[in-house]
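Some notes on the structure that comes next.
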Ligand code: SME
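Residue numbers (the working numbering): 159 to 309.
Here it is, written out as structure tokens:
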């Protein structure tokens with residue numbers, strides 16, 4: 159996967175004038191979903207630090223029941239507390255995991271920092287086992303740096 163080719167389009171989607179942040183984020187999810195074949199669910203969760211919960215934001219892919227996730231629960235909830243990327247090559251090997259669909263085999267979650275604070279995350283599910291590499295991590299960190307400029 160050549161992520162370098164995707165970067166300018168990520169920036170372009172996020173810097174369009176007169177478009178609401180939610181709409182841009184949804185367009186970004188759609189772009190990633192369409193251009194990386196093993197990205198089979200792409201979405202954002204945003205943190206409510208007072209209540210220690212994550213809330214589903216824009217996403218593309220199958221509908222999910224997990225619109226609110228407590229900090230610490232699942233891969234997403236753990237990233238809310240660890241502030242670190244979490245790459246799961248095989249979700250079946252995780253104890254603290256929230257299953258959305260039996261078709262999901264792997265997951266990557268990368269925190270979104272605004273002024274050094276973890277305000278949420280990008281969450282990607284894949285139907286493929288072990289598809290994510292450090293290239294995905296670096297790319298999604300870039301994506302989140304671009305997203306952070308909208309806050
Ligand atoms: N699998 C996630 C839950 C969110 S869904 O993937 C959309 C988790 O364990 O946190």
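For each residue, glycine too, the CB sits at the ideal point set by N, CA and C.
Terminal residues of the continuous beta strand (DSSP E) containing residue 213? 211-218
Alpha carbon to alpha carbon, how far is residue 261 from residue 285? 6 angstroms
For the structure I just gave you, are there three or more beta carbon pairs, one from the stretch 196-205 and one from the stretch 263-278, closer than 8 angstroms? yes
Where are the beta strand (DSSP E) runs, 3 residues long or more, that stay fully inside the stretch 240-296, in chain order? 244-246, 264-272, 275-284
Mind checking which residues open and close the alpha helix (DSSP H) that includes residue 171? 165-172
Tell me whether residue 230 sits in a helix, a strand or coil according to DSSP, three-state version. coil
Contact test: residue 294 Cβ vs ligand 1 heavy atom, cutoff 6 angstroms: no
Between which two residues does the alpha helix (DSSP H) holding residue 185 run? 179-193
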